[in-house]
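Enquirer: Mind having a look at this structure? Questions to follow.
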Amino acid sequence: MSNKQTIEIYVNGELQESTKLDIKYIELILKKFRRLETQQIKEDTKRNYEGICIFDPKTSIEELENSIKKITSNMNKCNKIERIGIKKLAYDIRNCNKGYYVTFDYIANDFNIQEIERQERIDSNIIKFINIKKDESEG
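First residue of the sequence shown: 100, per our numbering; consecutive thereafter.
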C-alpha cells in the first residue's frame, strides 16, 4: 500500500503542478497553512490596550524618547501618551525607589502586542511594565 497521494497546485485557478507526495508531508503542509490562517485572523483582530511603563529615573530625556518611539512603532494606532513624571515606588525595583511613569492608550493586534512586550522586556531603561486589554465597553 502506497503512502503517497497526488497533490495538484493551482495558482489563480490554473493547474501549475501535479506531483505525488507522502501523506505525512501533505498533513505537515496543511498544518502550517492553518497556522498561517490563524495568524492572519489574529493580525486582523485589533483591540484597545492601556500600558504603563516605569523607567529608571536616571534615564536621560533623549533615551526616554527613543524608548517610547521604539514601543509606539509597534502599535497600530497610539491614541495617547502621557508622561506622568517621577513618582516614588511602593517598593524598590532594581535598586530604584523612584520611577518615571509613562502611560499609553493604544490599539494593537495580538501579533503586535507580543512585539511591544518584547521591546519593553529588552529595554534596559524600563524597570517595570504592564499592558492591559481594555473592555470593549471602555472603547
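Don't be surprised by glycine CBs; every beta carbon is placed ideally from N, CA and C.
Considering only DSSP beta bridges, list what residue 103 is partnered with.
Expert: 121.
Enquirer: Evaluate residue 198 with the Cβ neighbour count: other Cβ atoms within 10 Å of its Cβ, from every protein chain shown; 16 or more gives buried, anything less gives exposed.
Expert: It counts as buried.
Enquirer: Which residues bound the beta strand (DSSP E) around residue 181?
Expert: Unbroken beta strand (DSSP E) run through residue 181: 176-192.
Enquirer: Does residue 105 pass the burial test, meaning 16 or more other C-beta atoms within 10 Å, or should it be called exposed?
Expert: Exposed is the call here.
Enquirer: Run through DSSP, which three-state label would residue 209 get?
Expert: Here residue 209 sits in helix by DSSP.
Enquirer: For residue 207, is the classification buried or exposed, using 16 other Cβ atoms within 10 angstroms of its Cβ as the cut-off for buried?
Expert: Residue 207 comes out buried.
Enquirer: Which one of 135, 200, 190 and 187 has the shortest CA to CA distance from residue 166?
Expert: Of 135, 200, 190 and 187, the residue nearest in Cα terms is 200.
Enquirer: Hey, how far is the Cα of residue 152 from the Cα of residue 121?
Expert: Spanning the two alpha carbons is a distance of roughly 51 Å.
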